[in-house]
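The numbering used here numbers the first residue of the sequence shown as 791 and each following residue consecutively.
Yeah, the Cβ is synthetic: ideal placement off N, Cα and C, and Gly gets one too.
Quick caveat: nothing in here was measured; it's all calculated off a predicted structure.
The structure appears right after this line, and notes come after that.
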Amino acid sequence: MKHLSVFLIPILTCLLVFSFALPRDPGKVVLTIEGKGEIKGMVCAGCKRTVENALKKVEGVHQVAVDLKEQEARVEFDPERVKEKDLIKAVEETKIFTAKVKKRIKQKGS
Ligand SMILES: [Cu+2]
Numbered sequence: 791m792k793h794l795s796v797f798l799i800p801i802l803t804c805l806l807v808f809s810f811a812l813p814r815d816p817g818k819v820v821l822t823i824e825g826k827g828e829i830k831g832m833v834c835a836g837c838k839r840t841v842e843n844a845l846k847k848v849e850g851v852h853q854v855a856v857d858l859k860e861q862e863a864r865v866e867f868d869p870e871r872v873k874e875k876d877l878i879k880a881v882e883e884t885k886i887f888t889a890k891v892k893k894r895i896k897q898k899g900s
């Protein structure tokens with residue numbers, strides 16, 4: 791029995807470490823960014839930064855890429871901590887822009 795645990799403990803430790811190291815499937819969404827009122831949309835680097843910063847501030851957001859030409863923001867986030875409405879709310883809070891979901895990017899295996 792003793793020699794069995796000599797094998798088991800390293801294996802179990804290994805599995806435990808490995809399960810933490812495995813990246814969890816992130817949530818991925820593309821948001822269409824629109825301007826509010828007079829504002830037509832994102833027109834300059836400042837607009838881009840405003841939207842980027844607003845989204846990056848949301849806890850659980852991993853990555854934000856704003857595309858001025860497409861007027862969209864790609865966001866990668868932890869789906870256990872962030873919901874799409876949190877992202878939309880964050881953009882709304884700029885008081886300059888609004889956002890809506892353009893598409894959800896499916897992960898393989900989900
Ligand atoms: Cu601007």
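Between the alpha carbons of valine 779 and lysine 885, how many angstroms are there, rounded? Since the first residue of the chain shown is 791 and the last is 900, residue 779 is not available in this structure.
Is the CB-CB distance between isoleucine 823 and glutamine 861 below 8 Å? In this structure, isoleucine 823 lies near glutamine 861, with their beta-carbon atoms less than 8 Å apart.
Sort Lys879, Glu883, Val865, Phe808 by Cα distance to isoleucine 895 and report the nearest one. Val865
With H, G and I counted as helix, E and B as strand and the rest as coil, what does DSSP make of glutamate 870? Three-state DSSP puts glutamate 870 in coil, outside helix and strand.
Distance cut-off 7 Å: valine 833 Cβ against heavy atoms of ligand 1: Result yes, Cβ under 7 Å from ligand 1.
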